[in-house]
Structures are given as C-alpha cells and as structure tokens.
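Chemist: Sequence order for the protein chains is L and P. With the working numbering as the guide, the letters of the first sequence map in order to residues 30 to 793. With the working numbering as the guide, the letters of the second sequence map in order to residues 30 to 793. Quick one: the structure is below, and I'll ask about it shortly.
Protein chains: 2
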Amino acid sequence: MNQDYIIPNEWSIIEEGFEKDRVKSSESLFSIGNGAMGQRANFEEFYSGDTFQGSYIAGVYYPDKTKVGWWKNGYPEYFAKVLNAPVWIGIDIEINGEKLDLNTCEVNNFRRELNMKKGILDRSFHAILPSGLEIEVFVRRFLSADLDELGVIKYDIKPTNSDAKIVYKSYVDAAVKNEDANWEEIFWEPVNTEINNQQGFVQARTFKTHFEVVTFMENKILVNGSYQHINPISSFKTESKVEFTYKVEVKTNDTATIQKFGGYVISTNHAKNELINAAKNVLLQANEQGYEQLLINQKLAWAKTWEMSDITIDGDVEAQQGIRFNIFQLNQTYSGKDARLNIGPKGFTGEKYGGSTYWDTEAYCLPFYMATKNQEVARNLLMYRYNQLDKAIENGEKLGFKNGAALYPMVTMNGEECHNEWEITFEEIHRNAAIAFAIFNYTRFTGDQSYIPEAGLEVLLGIARFWQQRVNWSADKQQFVMLGVTGPNEYENNVNNNFHTSYCAQWCINYTLEQIENIKTNYPQDYERIVTKTSINAEELVAMKNVADNMYLPFSEEHDVYLQQDGFLDKDLTPVSELSKEDRPINQKWSWDRILRSAYIKQADVLQSFYYFEEDFSKEQLEKHFDFYEPLTVHESSLSPCVHSIQAATLGRMEQAYTFYLRTSRLDLDDYNKEVHEGLHITSMAGTWMSIVEGFGGMRVKNDALYFEPRLPEQWKGFSFKINFRHQILKVIVNKGETTFELEGTEPLEVYVFGEKSVVQPSI
Amino acid sequence: MNQDYIIPNEWSIIEEGFEKDRVKSSESLFSIGNGAMGQRANFEEFYSGDTFQGSYIAGVYYPDKTKVGWWKNGYPEYFAKVLNAPVWIGIDIEINGEKLDLNTCEVNNFRRELNMKKGILDRSFHAILPSGLEIEVFVRRFLSADLDELGVIKYDIKPTNSDAKIVYKSYVDAAVKNEDANWEEIFWEPVNTEINNQQGFVQARTFKTHFEVVTFMENKILVNGSYQHINPISSFKTESKVEFTYKVEVKTNDTATIQKFGGYVISTNHAKNELINAAKNVLLQANEQGYEQLLINQKLAWAKTWEMSDITIDGDVEAQQGIRFNIFQLNQTYSGKDARLNIGPKGFTGEKYGGSTYWDTEAYCLPFYMATKNQEVARNLLMYRYNQLDKAIENGEKLGFKNGAALYPMVTMNGEECHNEWEITFEEIHRNAAIAFAIFNYTRFTGDQSYIPEAGLEVLLGIARFWQQRVNWSADKQQFVMLGVTGPNEYENNVNNNFHTSYCAQWCINYTLEQIENIKTNYPQDYERIVTKTSINAEELVAMKNVADNMYLPFSEEHDVYLQQDGFLDKDLTPVSELSKEDRPINQKWSWDRILRSAYIKQADVLQSFYYFEEDFSKEQLEKHFDFYEPLTVHESSLSPCVHSIQAATLGRMEQAYTFYLRTSRLDLDDYNKEVHEGLHITSMAGTWMSIVEGFGGMRVKNDALYFEPRLPEQWKGFSFKINFRHQILKVIVNKGETTFELEGTEPLEVYVFGEKSVVQPSI
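Set out below in structure tokens:
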C-alpha cells in the first residue's frame with residue numbers, strides 16, 4: 030500500500046489532520062459530481078499552497094491541435110482537452126482584516142468527510158490565524174443530484190477567542206487555465222458579466238468549440254443559523270469575474286455563515302441568448318426549495334441510487350469502503366440521463382487523458398450501468414455510438430476504408446477521433462469489437478430484442494465491413510492476416526496478428542452475419558430499411574464469411590496456447606516475479622523501447638478475449654492461458670486487475686482473486702499507481718464492480734437466465750449485490766456456504782447456482 | 030518530370046522569366062553557401078509576394094521542446110531546429126518615392142544565373158514601376174569561400190526612361206522567425222546594436238542555446254562604376270536592427286550601385302565580448318581586398334574545388350548540369366575545415382528536418398568527401414563521431430544500456446539525440462552500423478591505418494557493445510533476435526529481425542573483434558590505453574562473438590531471399606507498377622497505417638546491406654534480391670535511387686541505372702518530390718556522385734587497389750571523374766569502349782579494369 034491516510038469507514042471517505050503534501054491527492058479523492066458537472070475538493074477560500082484547481086462541465090471540451098514536425102496522413106486533427114471550467118465555488122475570507130489561508134494558519138482538527146450515502150462533502154477545522162485569532166470552520170458542499178445545474182455551499186465560521194468582523198468575498202470567475210495547457214493558453218473567452226441584486230453571472234465562451242457557459246451564484250448570510258438581510262458592502266465585475274463582498278460582525282462563539290448557490294448552465298442545453306435567464310431559473314428553483322430542502326432531496330436522491338447499486342461486504346471495512354467509493358464515483362460521473370454524454374476515464378476529477386469516451390465504456394462500464402440502472406441508461410450508452418456511426422464511417426474513410434466501413438475513434442467527444450498518439454489511434458482497433466460486443470452483451474443481459482433491428486445492426490455492419498477490409502490475404506500463410514495492430518496491451522505496438530484483435534474480428538463478422546439473418550427473418554421491415562440505407566449485398570456477405578472462416582490466429586503447439594501476436598515467443602519470457610523492485614513500475618523505470626521489446630503485458634490481452642468470449646473456451650484452456658500470460662503481466666493499467674480477479678475466481682484461486690480485487694477497488698484510495706493527485710480512475714471502477722458480481726458472485730447470463738457460482742473470499746463473512754434483471758430487482762446474498770436471493774418484482778425468476786436451478790419468488 | 034523551367038547549361042543554373050509561383054522553389058535552387066553560412070535566394074529588396082526567407086549559420090540551432098501528453102521514458106528532450114538567422118542581405122529600394130517590389134511591378138527579362146564554376150549568383154531584370162518609371166537592375170551576390178564570415182552584394186539600378194532619385198535602405202535585422210516555428214516563437218534575443226560610421230552591427234543571442242552572433246554590414250555607393258563619397262542621409266538602430274539610408278540622384282541611363290559587405294561572426298569562433306571587433310576585422314579584410322579582388326578570389330577558390338571534384342558528362346547537358354549542381358551544393362554545405370560541423374540534410378537551404386547529422390553522413394556523404402578532398406576532411410567527419418562518443422554512451426544509458434554501449438543519435442547537433450519521432454529515434458539503430466562501416470570504408474579507401482588505433486577502435490567497441498546488449502536469446506528460434514527495430518525503410522516500424530539491422534550488427538561485432546586483434550598485435554601501446562579506458566575483457570569478447578555467430582537472419586526458402594523482417598511475406602506483395610497513379614506518392618496519398626501495413630519500401634533496406642557488404646554476396650544473390658525488393662520500392666526517400674542505380678549498373682541494367690541516376694541527379698532541379706520550395710536534398714546529392722563513380726564507373730577498392738568496371742549509359746558519349754587516391758589524383762575518362770586514366774602524382778598506380786591490371790604512370 031502506498032498511501033494510508035484515508036480512514037476506513039463503511040459509508041464515508043474520511044481524512045483527519047491537515048498535511049499540505051496530501052492536498053492534491055485529497056482534492057481528487059474528495060471530488061464530487063452529479064453527471065452534469067464535477068468539482069475537485071479545492072478549498073472555497075484562497076489557498077497559497079500547492080493545489081490543482083479543477084471544475085468540470087460534462088461535454089465541454091477544447092480541440093487542442095497537436096503540432097509536430099512529423100505529421101502523417103490520417104493523423105487526428107486534434108486532441109480533445111477536458112477543460113477546466115470557470116470557478117463557482119470561490120469564497121475568499123478575511124477576518125478582522127486577516128486573510129484566511131490554510132497554508133499560513135495553524136490548522137487543528139482538520140477533517141474531511143465525503144459522505145457517499147448522502148452525496149455530501151464536509152470539511153471542518155480549527156485555525157489559529159497569525160494574529161492569534163482562533164476560529165472553527167465547517168464547510169458543506171454538494172452538487173445537486175436533482176437539479177444538475179446547481180451546486181450548494183454552506184460555509185460556517187465561529188470565532189472562539191474574540192469578536193470578529195468577517196468578510197466573505199464570494200465570486201465566480203472565468204479566468205481559469207488548464208494545468209495541462211501546453212503554452213499557457215487561455216481556453217475561455219469572456220462574453221458578458223451581469224449583476225442582478227445578489228446574483229452574479231459570468232458568461233464565457235470556449236475558443237474554437239464555442240460552447241457558451243454561464244457560471245452563476247447567489248449568496249445569503251446567516252448568523253447562528255438565522256438568515257440576515259445583509260447586502261454586499263461592495264460588488265464588482267470585470268470582463269470575466271463577478272464578486273460580492275459581505276461583511277458580518279459576530280461575537281465570540283457566534284457563527285457566521287454564507288450560503289452559496291452556484292453552478293453552470295450551458296449552450297448545449299439552452300439557447301445562448303437565454304443562458305442568463307436559464308441561470309436565474311435555476312436559482313429560482315433553488316430558492317423555492319431552500320438549503321434545507323435541497324439537502325434533504327440530495328439524501329433522497331442518493332438513497333435511491335444506493336437502493337439499486339449498493340454492494341455490501343461483511344467483515345472487511347476496507348473492502349466495503351473501496352467498493353462503495355467505486356460505485357459512488359461511477360454514479361457521480363454518469364447518470365445516464367443524457368445520451369450525448371459518456372464516461373471519461375478521469376470523470377470530473379482531473380484533466381489527464383482528455384476526450385470522454387474510450388472503449389472502457391463498452392468493455393468495462395456497460396455491465397455496471399446495465400445492472401444497476403434502468404435499461405434505458407444502458408441503451409443510451411449504445412445509442413451514443415449509434416448516433417456517431419456516420420462519424421465512424423468518415424473516420425474509416427480518412428484512413429482509406431470504404432463502402433461504409435466504420436472505425437470508431439479511440440477517444441472521442443462528438444464522434445470524431447481526438448486522440449493524438451497515433452500507434453494507438455490507428456492500431457488499437459479492437460475497440461471496434463468492444464462496441465459490437467456491447468451490443469451482444471446488452472441484448473444478452475436485458476433480453477431487449479428491439480435494439481439490434483432499430484439501431485444496432487447498422488453499427489454491427491459498419492464494424493464487420495471494417496474488419497473485412499482491414500485484413501489481407503497472406504499468400505505465405507494461406508489465411509487472412511491482420512497486420513499493424515496494437516492490442517489492449519499497449520506495451521506493444523504495430524504487431525502482426527494480435528490474437529485478441531483477430532479473434533474479435535472473426536467474432537464480429539460471425540455475429541453480424543447471424544444478426545443479419547435474424548433481422549431478415551424476424552424484422553423484415555427493419556431489414557428492408559437497413560438494406561436500402563447500407564446497400565448490403567449477398568456477395569459482400571460471402572466475402573465477409575470467407576474472412577471469418579479463414580482468419581489466422583497465432584498459436585503455439587509447444588505451449589498449447591494462443592499467442593498474443595506473431596513472434597511473441599522470440600521475447601525473453603522471464604516472469605514479472607523475477608524483476609527487481611527497482612524495475613517496477615516499468616512504465617516509470619524503463620525506456621519505452623525496452624518496454625516494447627519486453628514480453629511484459631500492461632493489461633489483459635489474450636485474456637481479454639477469454640473474458641469476452643468465456644464460453645468459447647474450456648476451463649482448462651482458460652487455466653493454461655492464465656498461467657502463461659498472467660505471470661508476464663505487470664497490471665500497469667487500472668483496467669487490468671479486474672479481469673484477472675474475475676478469471677482467478679472462476680479458476681477457484683480465491684487468494685489471488687482477492688488480491689486483484691483489493692488492488693482494483695482501492696487503487697485510488699491507497700494510490701497504488703502514485704498518481705491520484707491527477708484525478709481518479711473512474712472507468713476502472715466499473716471493473717471493480719465486475720470483480721464482485723462476475724468474479725466472486727460468478728454471475729453470468731445464458732439462455733435468458735441468471736447463473737451464479739458464488740465464491741466467498743476467506744477475508745469476508747459475506748457479501749451482497751443487486752441486479753436489475755429485466756425490470757425485476759434481484760438481491761444476491763452470499764454467506765459462507767449459502768447463497769440466498771430476494772426478488773423485488775412480480776414474476777418468479779429462475780436462477781442457477783453452480784448449475785442447479787431454483788426459482789426465486791418475489792418477496793417484496 | 031515535374032518542373033522544367035531550369036534552363037539546361039553545363040556550368041550554370043539558369044532561370045528566365047519571372048513567375049511568382051516559382052519564387053520559393055527558385056529561392057531553394059539558387060541558394061548559396063560557403064560551409065559556414067548559407068543564404069536562400071531571397072531578394073535583397075522588399076518583396077510582398079509569397080517567399081520563404083532563409084539565412085543560416087552552420088552549427089547554430091535551437092532546442093525546441095516537444096510537448097505532448099504521451100511523453101515516454103527515454104524520449105529525446107528536444108528537437109534541434111535549424112535556425113533562421115538574422116538578415117544581412119536586406120536592401121530596400123525606393124525610386125522617385127516609389128518602393129521597388131517585384132510583386133507590384135511589371136517585370137521583364139528576369140533572369141537568374143547561379144554560376145557554379147565561380148560560386149556567384151546573378152539576378153537581372155527590367156521593371157516598369159506603377160508610375161511608369163523603367164529601370165534595369167543587375168544584382169550579384171556571393172558568399173566568400175575564403176573569408177567564410179563574409180558575404181558580398183552588388184546591386185545596380187539604371188533608370189532608362191527618366192532621371193531618378195534612388196534611395197537604398199540597407200539593413201541588418203535580427204527580428205526573424207522560423208517558418209516552422211510552432212507557436213510563432215522568437216528564437217533570437219537582441220543583445221546590442223552598434224553603428225560605426227558606415228558599419229552597422231546587430232548582436233543577438235539564441236534563447237536556451239545562447240549562441241551569440243553579430244550580423245554586420247558596410248555599404249558603399251557607386252555611380253557608373255565609380256565610388257562616391259556618399260554618407261547615409263539617415264541611419265537608425267532599434268534593439269534588433271540597424272539601417273542606413275542612402276540617396277543617389279542619377280540621370281537616365283546612369284547606373285547607381287550599392288556594394289554591401291555583410292555576414293556573421295559567431296561565439297563558437299570568437300569570444301562573446303569580442304564579436305563586434307571580430308566583425309570589424311572581417312570588414313577590414315574585405316575592404317583591404319576590395320570588391321573586385323574578392324570576386325577574383327571567389328573564382329579562384331571555386332576553380333580549385335572543381336579541379337578536384339568535377340565530373341564531366343559528354344553528350345547530355347541535363348545530366349552534366351545535374352551532377353555539377355550536386356557537387357556544387359555539397360561543396361557549399363560542408364568544406365571540411367571545421368571538425369565541429371557536419372552535413373545537414375537540407376544544408377543551408379531550408380528548415381526541414383533540423384539537426385545537422387544523420388547517418389546520411391557516413392552512408393552517403395563520406396565517399397564523396399573522401400575522394401574529392403584531402404584525407405583530413407574525411408577524417409574530420411570520422412572524428413566528429415569520435416568526439417561525441419561519450420554522448421553516445423550517455424544516450425545508450427538513457428535507454429537502459431550499460432558498460433559503455435554506445436548508441437549514436439539518429440539526429441544530432443552536439444552528440445545529444447535531438448530527434449523527436451520516437452519510432453525512428455529508438456528503433457532506427459542501424460545508424461550505429463553506418464558509423465562503424467564508415468571507419469571500415471575510410472580505412473579501406475585511404476589506407477590510413479592510424480585512425481583505428483588512435484580513435485576508431487573505441488567507437489567500434491562502443492557500437493559492438495550496444496549490439497551485444499540489444500539482441501536477446503530466443504528460446505523459440507535458438508538464436509539471437511533483434512526485436513523492435515526500424516530499418517532504412519522507414520515505411521515500417523517496430524519490426525522484428527530486420528535483415529539489414531541484424532546483418533550489420535553481426536558485421537560490426539566481427540569487424541570490431543578483428544580490429545581488437547589487429548590493434549593488440551600491431552599497436553600494443555594504443556591497445557593498452559584502450560583496454561584501460563574501456564575495460565575490455567576476454568569474457569565480454571567471447572559473449573560478443575557468440576552473438577555474432579548465432580545471429581538470426583530471416584530468410585525465405587521459397588523465394589531464396591533474405592527477408593526484410595519477420596512476417597514480410599504476410600504482406601500483399603503487389604508490385605508498385607500495379608499501383609494507380611492516384612496512389613503515388615503513397616506518403617502523400619495514403620494514411621500512415623496503410624503505408625505501414627503495405628509491403629512498399631521507402632528506400633533500399635535489404636539492398637542497403639548488399640550495397641555496404643557487396644563482397645559478401647554473389648552477383649546472382651544481388652540479382653535475386655534486387656528483383657524481389659526493387660519492384661516493391663517506391664523510392665520516396667531521396668536516398669533511394671542512388672543505391673539502386675549503382676546496383677542496376679553492377680547488374681548491367683544500364684537503362685534502369687540511367688533512369689535512377691537522372692532521378693537522383695535532377696531530383697531538385699526537376700522537383701520530382703514536389704517539395705523543392707522547402708529546400709534542397711543535400712545529403713542525397715552525394716549519392717548522385719556515387720551513382721557515377723561507383724555505378725557507371727564501377728569503382729571499388731580491394732586490397733589497397735582501385736578496381737573499375739566502367740559502363741557508359743547509351744545516352745552519353747563519355748564521362749570522367751577524379752579521385753584523390755592516397756594523395757595522388759587519378760582522373761578516369763570513360764568513353765565508348767575505352768577507359769583512360771591520367772595520374773597527377775609521383776608514383777605509378779595499379780588499377781584493375783574489369784579485373785585486368787594495368788599501371789598508370791604519373792603524367793602531370
């Protein structure tokens with residue numbers, strides 16, 4: 030474990046004590062979000078120490094041109110930066126003329142608590158200012174889960190050894206920069222600022238993308254809990270900032286409070302010239318409810334979310350805290366309400382990566398949202414790709430593919446490729462298969478047969494066409510080969526015949542052909558529409574089938590395993606366990622060319638196929654491949670341990686499964702990769718959920734029924750999870766030697782436990 | 030042919046007629062240089078049309094940080110930009126109050142002539158200004174080959190239909206930018222400007238690298254050829270510019286002339302605080318000689334150069350012009366006087382590439398300088414690498430190599446790697462072999478046995494150590510393999526077991542071991558010194574030998590050829606001749622991933638080994654490999670046609686050899702690659718020289734003797750070239766059916782023509 034200051038607690042993330050060198054890590058760990066916006070746990074008041082300011086708005090990005098001398102054709106035109114948004118939380122504080130700055134005070138009893146059950150962040154401390162003035166501070170902050178354009182702050186100050194004149198300078202400010210800006214560029218252009226009584230508005234526009242955002246606020250002052258009719262003693266606006274200054278005089282041990290409503294309204298949801306009115310409307314709704322009711326509603330909204338998605342672990346507080354932290358962050362990042370949005374790998378907690386949508390969404394996140402939300406949410410994730418099919422076809426055309434071949438981007442905000450590391454952009458094409466697999470997975474899990482005829486088949490066809498064109502015939506091998514790819518293991522690039530990619534391609538084509546037959550037979554009207562739109566013809570389908578039937582898959586007779594790629598056995602196959610500690614992590618300690626030449630695997634690659642297509646392989650094959658590849662795997666991607674945890678559990682290797690589980694579930698809390706200050710690993714958190722449900726729970730869906738093979742790690746007394754299976758909520762409770770079910774619904778449900786069928790009756 | 034405006038002439042490059050869209054191409058083609066500085070053929074006077082300003086100083090560069098989000102360990106820290114230097118040529122002109130600007134005048138009789146025999150650039154034209162004033166202009170410019178800090182301009186204006194008040198505004202200016210600057214950065218920081226009578230000085234410093242340069246000038250005014258005692262009517266200096274304004278009133282048909290001496294003195298040759306004095310000293314020397322004498326000396330200096338390096342071609346003016354243009358540019362770029370300098374791929378004619386030293390120097394340029402200059406010049410090229418050995422070892426260490434393993438940089442200014450395209454930087458390691466091969470080649474040609482014991486062996490050892498560490502044992506193949514490389518064919522990357530690289534590695538180790546034995550026996554003192562310095566030990570040498578003896582080289586039994594790399598036969602082997610015209614050049618028409626996956630070869634790769642190590646292979650093997658690889662070769666590197674021309678000639682395929690020759694010798698004059706506006710392909714020009722000497726002349730050195738197999742292309746009546754062979758000058762004259770020799774020296778020389786020995790007596 031690399032970091033251990035987070036106090037174990039079943040429902041909260043807690044930090045006690047103020048340590049300046051933890052500030053940036055805690056800013057990530059205590060981030061809050063509501064699907065539409067997010068906020069790192071930056072202090073409201075001025076802080077002169079090392080901090081990473083971060084406010085984010087879903088869907089708002091900046092296309093950063095990558096300028097390099099060695100530009101090559103087909104190289105993506107821009108990198109979509111996650112944009113640091115204008116600040117709405119700012120409240121600078123002066124007490125008796127002294128600025129409050131935790132970097133210069135003596136700070137005692139510092140405590141943060143992120144209450145995951147309620148979706149509320151609290152911070153409290155006792156400070157002795159340089160003058161000797163002592164104060165107690167309590168700050169509460171939340172982003173409304175209901176009114177997703179609204180954030181709420183309550184900031185209490187109690188002087189304990191003197192009367193005090195407290196000045197609150199509450200502001201919104203669009204003069205923000207990205208920490209990762211290459212050349213100190215500014216991404217926001219101020220448009221307008223407005224003051225309306227106690228309300229302030231800053232309208233700003235992103236350069237190039239021209240998103241417009243109004244960042245707004247309204248403040249109220251309370252003393253000892255009672256609202257005061259205090260107007261600002263001054264207010265000012267510049268072209269990018271509005272600030273109100275309030276002065277409150279209080280006696281020793283009285284509490285002065287500022288309540289701040291703030292947030293964002295954006296031009297993708299409102300007309301640009303209506304943005305300030307929209308902001309006023311949000312404030313109107315917030316005022317109608319008032320702080321206390323907003324707080325109650327926040328708790329209710331989160332209670333509802335937990336009702337569907339909670340996992341309990343009995344007898345292991347750290348594991349319990351870990352899984353809830355993961356579930357909480359996933360729900361903070363993506364609510365599923367808006368089909369235009371998706372799940373960025375850092376959510377709203379940092380700037381790294383950029384873009385919002387990776388194959389993580391389909392391969393790792395979909396199962397979580399599918400099982401813990403209404404079906405519509407999972408369908409929205411699929412529709413996101415359907416809506417971007419034209420762009421995926423264009424993307425294929427840019428690279429020389431034709432006839433409707435779709436290559437979905439490696440990373441995207443709007444369907445366009447926005448990644449700029451070309452060996453991944455061009456080569457890591459297995460992402461296309463993840464998108465097809467998600468359609469299969471969704472259909473298998475939900476039983477929703479309508480998605481494929483209505484939308485999915487067009488996506489499948491575009492993807493199958495891509496694969497057909499991407500292979501070439503090898504006269505030497507007398508099979509189709511797939512040259513120049515990068516698999517999920519990004520510690521290789523430009524390899525030939527990556528097993529995972531080729532196997533996926535073969536599967537995609539076969540699945541597509543199967544679905545074409547299915548739709549032709551069962552949805553003839555849809556079939557007609559699709560044939561007209563896409564010009565499918567019989568000849569093409571024969572050619573596709575030929576590719577699938579004659580796909581080369583590298584295999585070693587000697588080792589009796591599929592090879593990750595051609596030439597893999599030329600590598601030095603010394604296992605990771607024999608590397609010295611100084612060599613780890615290799616992505617920090619080794620040069621890139623040494624990594625590329627090594628056999629070391631970043632994350633499941635061959636084993637990713639065994640995860641997707643488990644039923645295609647015997648348990649003996651899984652074991653053989655697991656034993657061949659896992660010892661060479663360094664798990665330096667946050668997406669690695671979960672797949673291995675599930676497979677270890679499947680193989681009954683519970684100790685190993687548990688180790689992988691802990692590593693994935695507390696990756697950020699314990700900062701295994703020493704990078705939590707940059708933000709959290711959101712998408713891998715869904716993998717943690719899979720580790721429990723599919724790993725320890727052994728849940729699978731086959732032939733429209735749920736199958737379980739529950740296995741309890743030694744360290745746990747029991748665990749439980751819930752699944753929304755086809756509009757009924759099944760709770761699965763695993764204890765030593767016993768698995769019980771509770772069904773919330775109307776119909777009895779067949780489940781299989783270790784192959785044995787039983788029927789669960791609705792009990793609630 | 031893509032461009033045909035250059036008028037064929039044996040000794041000159043001539044352009045007639047003014048075409049605005051040719052301006053940038055002509056600026057490249059009419060570039061002048063003297064080894065220390067260079068100047069594109071920009072107009073002296075203001076030009077409002079499309080132009081690419083370029084003045085360059087040898088050895089002065091800027092380390093441009095590459096900022097990308099996906100930085101990887103071992104990635105070079107900067108890219109060395111070739112810097113656009115301050116302007117010394119500027120002379121703006123006003124006549125009767127009207128600015129002279131060829132973009133707004135009617136221009137007639139425009140003519141440029143770059144007289145290669147004399148090293149002089151002339152430009153003349155007749156212009157009708159918007160007012161109707163007609164003038165005749167003649168401008169002469171040269172960069173002194175003797176005083177290599179000096180440039181000279183003579184600018185004549187004759188009004189032909191009116192009297193005229195002519196204003197010359199002559200300036201030096203350090204406020205220049207690079208055309209390829211990523212973010213409009215300024216690379217020069219002004220330090221000081223000074224005016225001293227008619228002399229002006231601008232001192233400027235490069236950011237980061239802190240080179241200091243004084244750009245200077247002095248002007249004189251003449252009327253009808255007589256010096257006038259005219260002082261500037263005004264002069265001014267800003268922080269980065271000095272300008273003098275002269276006014277001359279002349280009658281119709283009188284000629285007003287400004288003579289300008291200018292140039293650069295730099296801090297690598299003079300103390301920084303002595304730079305202005307150094308500049309004054311250059312001007313003093315120039316004034317002592319005077320314009321006319323400088324011109325005479327220029328002609329003499331070039332006559333001396335041509336005396337050694339000229340090649341004549343009889344009966345083919347275009348071929349003659351082509352080869353002289355190549356020889357002229359090579360001599361303009363690198364004089365061999367300064368061992369700190371090297372041969373940049375664009376010389377002083379453009380900004381592209383960056384850095385100065387590629388493997389081009391050893392593989393392509395060394396033979397030219399070795400044969401047409403004194404031995405010291407070639408030795409300086411080798412010493413350049415010896416002097417950078419420590420940096421090459423450091424470079425190896427950065428990538429994880431140890432024990433003195435040297436990896437020479439892909440591109441360098443000072444020994445540090447300064448290339449930023451990592452698949453080339455890390456992978457294109459055959460460059461190391463080019464450096465070892467050059468030592469062998471130099472020793473073979475010059476017979477100078479002293480270089481290896483004095484310096485070369487340390488370089489060879491560092492390189493051999495690198496190869497030993499770079500391979501790994503393949504348990505599968507039971508041989509050593511070389512993973513993750515890029516060969517000379519940069520249309521592949523990260524391939525395994527590139528034949529050229531592995532073959533070179535094997536050769537390097539064997540040659541090094543051989544030389545260690547040789548030095549041990551014949552230069553025991555040097556041997557002792559080197560053993561002490563490098564800690565060679567017997568065990569290490571055994572391990573090295575083991576690598577060389579068990580090196581895997583990919584070979585196809587079916588095709589009976591060595592394979593460019595593992596898996597090459599998986600590719601679609603459709604020959605280039607079957608590509609449609611729209612697909613060519615593929616580096617402009619295809620996406621990069623399509624290029625990588627294709628079998629198409631940018632330049633000689635397997636055939637590069639056959640070029641280096643010709644004697645290791647039979648002619649039948651050469652033919653088989655040539656017939657296998659050439660049809661897949663797109664020759665999109667300027668370094669490609671020369672090797673193929675030589676090999677085609679060796680195989681007696683004269684028509685093909687001639688086609689390749691024309692393509693290389695007139696690559697820029699005819700702008701085959703449609704990029705001459707960016708600058709010339711300097712290093713490939715040495716390949717052109719090789720095409721004649723080694724290709725058509727069939728010259729080889731074996732066992733300390735010269736061998737020739739002269740073959741005359743059908744299109745030529747004859748050709749001749751000269752060789753400085755071990756301090757005697759041999760002229761080889763090839764005519765139909767007859768080869769004759771003239772020897773300038775003191776000793777009779779044995780030569781072999783088609784294997785038949787004859788002895789040439791000194792005749793001069």
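For each residue, glycine too, the CB sits at the ideal point set by N, CA and C. Computed from a predicted model, the values in this text were never measured in an experiment.
1) Taking the beta carbon of residue 30/L as the centre, do at least 16 other beta carbons fall within 10 Å, making it buried, or is it exposed?
2) Less than 7 Å between CB atoms is the rule here; does residue 101/L satisfy it with respect to chain P?
3) Find the residues of chain P that neighbour residue 427/L, judging by a C-beta separation of less than 8 Å, and give them in chain order.
4) Quick one: which unbroken beta strand (DSSP E) runs of 3-plus residues sit fully inside the stretch 167 to 228 of chain P? Chain order, please.
5) Three or more C-beta pairs under 8 Å: does that hold for the stretch 113 to 124 of chain L against the stretch 197 to 215 of chain L?
6) Counting only beta-carbon separations shorter than 7 Å, does residue 473/P have a partner in chain L?
7) Less than 7 Å between C-beta atoms, sequence neighbours within five positions excluded: which residues of the same chain meet that for residue 461/L?
8) Would you list the residues sitting across from residue 152/P in a DSSP beta bridge?
9) Which ranges would you report for the alpha helix (DSSP H) in the stretch 366 to 423 of chain P if only whole runs of at least 4 residues count?
10) Is it true that the stretch 170 to 180 of chain L meets the stretch 191 to 205 of chain L, where meeting means three or more beta-carbon pairs spaced less than 8 Å apart?
11) Is the stretch 524 to 536 of chain L touching the stretch 495 to 513 of chain L in the sense that three or more CB pairs, one from each, lie closer than 8 Å?
12) Would residue 65/L be called buried (16 or more neighbouring beta carbons within 10 Å of its own) or exposed?
13) Residue range of the beta strand (DSSP E) that residue 735/L falls in?
14) Hey, is the stretch 236 to 248 of chain P in contact with the stretch 281 to 301 of chain P, meaning 3+ C-beta pairs nearer than 8 Å?
15) Can you tell me whether residue 288/P is helix, strand or coil according to DSSP?
16) Would you check if the distance between the CB atom of residue 397/L and the CB atom of residue 730/L is smaller than 7 Å?
17) Just to confirm the assignment, what range does the alpha helix (DSSP H) spanning residue 469/L have?
18) How many angstroms separate the CA atom of residue 233/P from the CA atom of residue 62/P?
19) Per the DSSP calculation, residue 163/L is bridged to which residue(s)?
20) Using a Cβ cut-off of 7 Å (strictly closer), state whether residue 584/L contacts chain P.
21) When you compare the CB of residue 596/P with every CB in chain L, is at least one pair closer than 7 Å?
22) Could you please tell me which residues of the stretch 437 to 451 of chain P, in chain order, have their CB closer than 8 Å to any CB of chain L?
23) Which same chain residues, not among the five before or five after residue 190/L, have their C-beta less than 8 Å away from its C-beta?
24) Answer with yes or no whether the minimum CB distance from residue 503/L to chain P is below 7 Å.
25) With 16 as the cutoff for other CB atoms within 10 Å, does residue 150/L come out buried or exposed?
26) If you run the structure through DSSP and keep just helix, strand and coil, what is residue 103/L?
27) Please check if any C-beta of chain L sits within less than 7 Å of the C-beta of residue 478/P.
28) Which residues, taken in chain order from the stretch 508 to 536 of chain L, show a beta carbon closer than 7 Å to some beta carbon of chain P?
29) How would you list, in chain order, the residues of chain P whose beta-carbon sits under 8 Å from the beta-carbon of residue 431/L?
30) What residues match up with residue 264/P in a beta bridge as DSSP calls it?
31) Evaluate residue 662/L with the Cβ neighbour count: other Cβ atoms within 10 Å of its Cβ, from every protein chain shown; 16 or more gives buried, anything less gives exposed.
32) Taking DSSP as the reference, what is the three-state secondary structure of residue 523/P?
33) Counting only beta-carbon atoms, is residue 112/L nearer than 7 Å to chain P?
Modeler: Let's see:
1) Reliability fails at residue 30/L, whose pLDDT of 45 lies under 50, so the model's placement of it is uncertain and the value that follows must be treated cautiously. Flag for residue 30/L reads exposed.
2) yes
3) 620
4) 179 to 188, 193 to 202 and 217 to 225
5) yes
6) no
7) 436, 437, 492 and 495
8) 141/P and 168/P
9) 395 to 401 and 404 to 416
10) no
11) yes
12) buried
13) 734 to 737
14) yes
15) strand
16) no
17) 459 to 475
18) 21 Å
19) 157/L
20) no
21) yes
22) 449, 450 and 451
23) 161, 162, 163 and 281
24) yes
25) buried
26) coil
27) no
28) 510, 512, 513, 522, 523 and 525
29) Near residue 431/L there are no residues of chain P at all, since even the closest Cβ is about 12 Å away, more than 8 Å.
30) 273/P
31) buried
32) coil
33) no
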